[in-house]
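Asker:
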Amino acid sequence: MRWSPASRCSDALQEYPNLTGTKKDCNQGACGACTVLCDGERTLACLALAVQYEGAEITTIEGFCKDGELHPLQAALMEHDGFQCGYCTPGQICSAVGMMREFQAGLPSAVTADVSANALEFSDEEIKERMSGNLCRCGAYVGIRAAIHEAFRSGVPR
Amino acid sequence: MRNFSYSRAATSQEALTLIATLPNAKFLGGGTNLVDLMRENIEQPDALIDVTRLPSTGIKESGCGGVSIGAEVKNAAVANHPLIRQRYPLLSQAILFGASGQIRNVATVGGNMMQRTRCYYFYDKAARCNKRSPGLGCDAIDGFNRIHSVLGTSPHCIATHPSDMRVALAALGATVRVDGPAGEREIPFHEFHLLPGETPHIETALAPGELITSIELPPLAFAANSRYRKVRGRASYAFALVSVAAALEINNGQICNVRLALGGVAPKPWRAHQAEAALSGAPDKLDTFCLAVETELSPARGFRDNNFKIELAKRNIVSVLNELAEGEDKQRA
């Protein structure tokens, strides 16, 4: 595949054979549907040029299901009705996995009471704030948070 | 998006050579603002010079208790760095209140310094905007201006700067270190941003071809007692209607050190010098806080939809100062 400098990461992923999971929705960094992991960190594919990520490892939703087995978060989203139409779901999953890694790295958030302290509580309020970059127009937020709690209760995302 | 050439600089020297030789070129950081503006054809550079892979300078102590932050450092890395979280918690908070996790992972400190306004009329090519097309006029002044400025405006532009990080940096009195055709130099934060005046399209004191290389934070022990508060139309992931960055030190009931800056109300991060002067040395009392905000906001002028920002700013400054004063009391108790 060849792209011009003006091709954004979201365009490149959409045109790449068999990678249909990443969704381009608002196309301006407002909705989070195009969230992918870049070297393990969550990022928006629509706000970056493909060429900026030359040499980086990009993980899309297609990278989560291993040997036919769902990622624990995928399974938990089904269990907790964490989606209706499913359009935002690939972005929600990539975002939640990246979010959990940030949490484990000790990154505070806007609702963390004291950023100079080291203790973080994996509360509903923290999840809400940290996932605020991913919109769900079906309004499945309650189910999404429940799934995140369940999937990451016992620790590290794979 | 119009096509353009892309080069990736390996050293700052290479970046400076490229910008001097390529016509209509721009430096590219994380791209979270620039790429979006290019998609809208608001920015139309012929060449981009990626400066995110210059040798990393990172975040380090700069002596005497100050901290130096490389321009290439990602916003999330600044917010999570122990030196920043402990010495300048308001900066950590300001960044965490800005954008979303995805954007903070990519946006660089240097890029954030150059982030442009989110004025609707700046983005709408069918509208008149002196920032986008100098001399055309400003449709915001008589238009929908709920998000616009109440301080530092001109008859040519009332756009607000959108950054949270820069409000904290204004309060801290940071220094912007740049490199360029005339060599390295340091720009004090209060001189970096320009008010719109008659030239709203010129937003910073950067000379053509200059590259931001780092942000220098001064030693400021009392900034450990500091706070960033952001008021916006929804609880998260929205630009500020009003924001307050403040640091406070009280000794024997007297304010001995104070820093105050406002976001969402002006075309640049608004260091509240008038209020700081009124607070310094004054008794730590509600009356003092109220008097200080009246002094600072007395020149403020609304444009109809944004009139509310003046009162909103006053109340939030007083409330943040109160919280910081109470925090100081608790520490001593």
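Residue numbers (our numbering), protein chains in the order written: chain A, -15 to 142; chain B, 4 to 336.
Heads up, the beta-carbon is just placed ideally off N, CA and C, and yes, glycines get one too.
If you check the beta carbons only, do B:P92 and B:T120 fall under 8 Å apart?
Answerer: Counted from its first residue, the second sequence places residue 92 of chain B at position 89. Counted from its first residue, the second sequence places residue 120 of chain B at position 117. No, the pair does not count as a contact, with Cβ atoms beyond the cut-off.
Asker: Identify the contact partners of B:M116 in chain A, using a Cβ-Cβ distance below 9 Å as the criterion.
Answerer: Translated into positions along the second sequence, residue 116 of chain B becomes position 113. Here the premise fails: no neighbours, minimum Cβ distance about 18 Å.
Asker: Please classify A:E25 as buried or exposed, where buried requires at least 16 other C-beta atoms within 10 Å of its C-beta.
Answerer: Within the first sequence, residue 25 of chain A is the residue found at index 41, counting from 1. Its Cβ being crowded by 16 or more others within 10 Å, A:E25 is buried.
Asker: Buried or exposed: B:A210, going by 16 or more other Cβ atoms within 10 Å of its Cβ?
Answerer: Here residue 210 of chain B corresponds to residue number 207 of the second sequence, with the count starting at 1. The residue in question, B:A210, is exposed, as its Cβ has fewer than 16 Cβ neighbours within 10 Å.
Asker: Just how far apart, CA to CA, sit B:E299 and B:E314?
Answerer: Against the second sequence, residue 299 of chain B aligns to sequence position 296. Against the second sequence, residue 314 of chain B aligns to sequence position 311. The straight-line gap from Cα to Cα measures roughly 12 Å.
Asker: Would the beta-carbon of B:G73 fall within 8 Å of that of B:T55?
Answerer: The count along the second sequence starts at 1 and reaches residue 73 of chain B at position 70. The count along the second sequence starts at 1 and reaches residue 55 of chain B at position 52. The answer is no: Cβ separation not under 8 Å.
Asker: Can you pull the chain A residues whose beta carbon is under 8 Å from the beta carbon of B:D127, in chain order?
Answerer: To locate residue 127 of chain B, count along the second sequence from 1; it is residue 124. Per Cβ cutoff of 8 Å: no residues; B:D127 is ~13 Å from chain A at best.
Asker: Residues in the stretch 29 to 49 of chain B with C-beta within 9 Å of chain A's C-beta atoms, listed in sequence order?
Answerer: Listed by position, the residues of the stretch 29 to 49 of chain B near chain A (Cβ gap below 9 Å) are L31, G33, G34, T35, N36, V38, D39, M41, R42, E43.
Asker: Kindly indicate if chain A contains any beta-carbon less than 8 Å away from that of B:Y9.
Answerer: As a first step, residue 9 of chain B must be located in the second sequence, where it is residue number 6. Yes, contact with chain A.
Asker: Would you check if the stretch 4 to 13 of chain B and the stretch 74 to 91 of chain A touch, i.e. whether three or more CB-CB distances between them fall below 8 Å?
Answerer: Because the criterion of three Cβ pairs below 8 Å is not met, the stretch 74 to 91 of chain A and the stretch 4 to 13 of chain B do not touch.
Asker: Under three-state DSSP, which class holds B:N6?
Answerer: Numbered from 1 along the second sequence, position 3 holds the residue referred to as residue 6 of chain B. Reduced to three states, the DSSP call for B:N6 is coil.
Asker: At a Cβ threshold of 8 Å, is B:G337 touching chain A?
Answerer: Residue 337 of chain B cannot be examined here, being either before or after the span of chain B that is shown, 4 to 336.
Asker: The alpha helix (DSSP H) with A:V20 in it runs from where to where?
Answerer: Residue numbering aside, residue 20 of chain A sits at position 36 when the first sequence is read from its first letter. No alpha helix (DSSP H) contains A:V20, which is instead part of the beta strand (DSSP E) from 19 to 22.
Asker: Could you give the C-beta distance for A:G16 and A:G117, rounded to a whole number, given that I count them as a contact under 8 Å?
Answerer: Counted from its first residue, the first sequence places residue 16 of chain A at position 32. Counted from its first residue, the first sequence places residue 117 of chain A at position 133. Rounded, the Cβ-Cβ distance is 5 Å, consistent with contact.
Asker: For the stretch 114 to 128 of chain A, enumerate the residues whose C-beta is nearer than 7 Å to any C-beta of chain B, in chain order.
Answerer: So the list reads R114, S116, G117, given in the order they occur along the chain.
Asker: So, under 8 Å CB-CB, A:T19 and A:G75 are touching, yes? Tell me the CB distance rounded to an integer number of Å.
Answerer: Within the first sequence, the letter at position 35 stands for residue 19 of chain A. Within the first sequence, the letter at position 91 stands for residue 75 of chain A. The pair is a contact, with the Cβ atoms about 4 Å apart (cut-off 8 Å).
Asker: Spell out a yes or no on whether the stretch 282 to 295 of chain B and the stretch 196 to 212 of chain B are touching, meaning 3 or more CB-CB pairs, one atom from each, closer than 8 Å.
Answerer: Cβ pair count under 8 Å is below three, so no.
Asker: State yes or no: is the C-beta of B:I98 within less than 8 Å of the C-beta of B:V81?
Answerer: The count along the second sequence starts at 1 and reaches residue 98 of chain B at position 95. The count along the second sequence starts at 1 and reaches residue 81 of chain B at position 78. For B:I98 and B:V81, yes; Cβs fall inside 8 Å.
Asker: Throw me the rounded Cβ distance for the B:C160 and B:P199 pair, which I believe falls under 8 Å.
Answerer: If you number the second sequence from 1, residue 160 of chain B lands on position 157. If you number the second sequence from 1, residue 199 of chain B lands on position 196. Contact flag correct, Cβ pair sits at about 4 Å.
Asker: Could one say the Cβ of B:D142 lies closer than 8 Å to chain A's Cβ atoms, at least one of them?
Answerer: For the purposes of this step, residue 142 of chain B is taken as residue 139 along the second sequence, with counting starting at 1. No, because no Cβ of chain A sits closer than 8 Å to the Cβ of B:D142.
Asker: Taking just the CA atoms, how far does B:P221 sit from A:A101?
Answerer: On the first sequence, residue 101 of chain A is found 117 positions in, with the first residue counted as 1. On the second sequence, residue 221 of chain B is found 218 positions in, with the first residue counted as 1. Their Cα atoms are separated by approximately 22 Å.
Asker: If I'm right that B:V70 touches B:L86 with Cβ under 8 Å, what's the distance once you round it to whole angstroms?
Answerer: Counting from 1 along the second sequence, the entry for residue 70 of chain B is found at position 67. Counting from 1 along the second sequence, the entry for residue 86 of chain B is found at position 83. Contact flag correct, Cβ pair sits at about 5 Å.
Asker: Report the partner residues of B:H196 according to the DSSP bridge assignment.
Answerer: In the second sequence, counting from the first residue as 1, residue 196 of chain B sits at position 193. B:T207, per the DSSP bridge assignment.
Asker: Compare the C-beta of B:F100 against all C-beta atoms of chain A and say whether one is closer than 8 Å.
Answerer: Taking the first residue of the second sequence as position 1, residue 100 of chain B is located at position 97. Output row for B:F100: interface = yes.
Asker: Is the separation between the beta-carbon of B:L154 and that of B:A303 shorter than 8 Å?
Answerer: Locating residue 154 of chain B in the second sequence gives position 151, counting from the first residue. Locating residue 303 of chain B in the second sequence gives position 300, counting from the first residue. For B:L154 and B:A303, yes; Cβs fall inside 8 Å.
Asker: Evaluate B:N255 with the Cβ neighbour count: other Cβ atoms within 10 Å of its Cβ, from every protein chain shown; 16 or more gives buried, anything less gives exposed.
Answerer: The sequence position of residue 255 of chain B within the second sequence is 252, counting from 1. It is exposed - the Cβ of B:N255 has fewer than 16 other Cβ atoms within 10 Å.
Asker: Determine the direct distance from the alpha carbon of B:S136 to that of B:T291, and round the result to whole angstroms.
Answerer: Looking up residue 291 of chain B in the second sequence gives position 288. Looking up residue 136 of chain B in the second sequence gives position 133. If you take the alpha carbons of B:T291 and B:S136, they lie about 44 Å apart.
Asker: B:P26: which of B:S8, B:S217, B:F100 sits nearest, CA to CA?
Answerer: Taking the second sequence and counting its residues from 1, one reaches residue 26 of chain B at position 23. B:P26 has its Cα closest to that of B:S8, out of B:S8, B:S217, B:F100.
Asker: Please list, in chain order, the chain B residues whose beta carbon lies closer than 8 Å to that of A:M83.
Answerer: For this step, residue 83 of chain A is matched to residue 99 along the first sequence. Chain B residues near A:M83: G104.
Asker: Determine the DSSP secondary structure at B:G66, reduced to helix, strand or coil.
Answerer: Numbered from 1 along the second sequence, position 63 holds the residue referred to as residue 66 of chain B. In this structure, B:G66 counts as strand in the three-state DSSP scheme.
Asker: Assuming A:L104 is part of the beta strand (DSSP E), what are its boundary residues?
Answerer: As a first step, residue 104 of chain A must be located in the first sequence, where it is residue number 120. First-last for A:L104: undefined, no H or E at that position.
Asker: Give me, in chain order, the residues of the same chain whose beta-carbon lies closer than 6 Å to that of B:K33; leave out the 5 immediate sequence neighbours on both sides.
Answerer: The residue you call residue 33 of chain B lines up with position 30 of the second sequence. Sequence inspection shows Gly at residue 33 of chain B; the Lys mentioned does not correspond to that position. Once the five neighbours on either side are set aside, the close Cβ partners of B:G33 are V109, A110, T111, G114.
Asker: In angstroms with no decimal places, state the Cα-to-Cα distance between A:Q68 and B:I253.
Answerer: By one-based count along the first sequence, residue 68 of chain A stands at place 84. By one-based count along the second sequence, residue 253 of chain B stands at place 250. One C-alpha to the other measures close to 54 Å.
Asker: Cβ closer than 9 Å: which chain A residues qualify as neighbours of B:T228?
Answerer: What you label residue 228 of chain B is simply residue 225 of the second sequence in a count that begins at 1. First, the amino acid is wrong: residue 228 of chain B is Asn here, not Thr. None at all; the shortest Cβ gap to chain A is about 10 Å.
Asker: Report the CB separation of A:R129 from A:D98 in whole angstroms; it is logged as a contact under 8 Å.
Answerer: For the purposes of this step, residue 129 of chain A is taken as residue 145 along the first sequence, with counting starting at 1. For the purposes of this step, residue 98 of chain A is taken as residue 114 along the first sequence, with counting starting at 1. Contact flag wrong, Cβ pair sits at about 23 Å.
Asker: So, helix, strand or coil for B:F30, using DSSP?
Answerer: Locating residue 30 of chain B in the second sequence gives position 27, where the first residue counts as 1. Three-state DSSP puts B:F30 in a strand.
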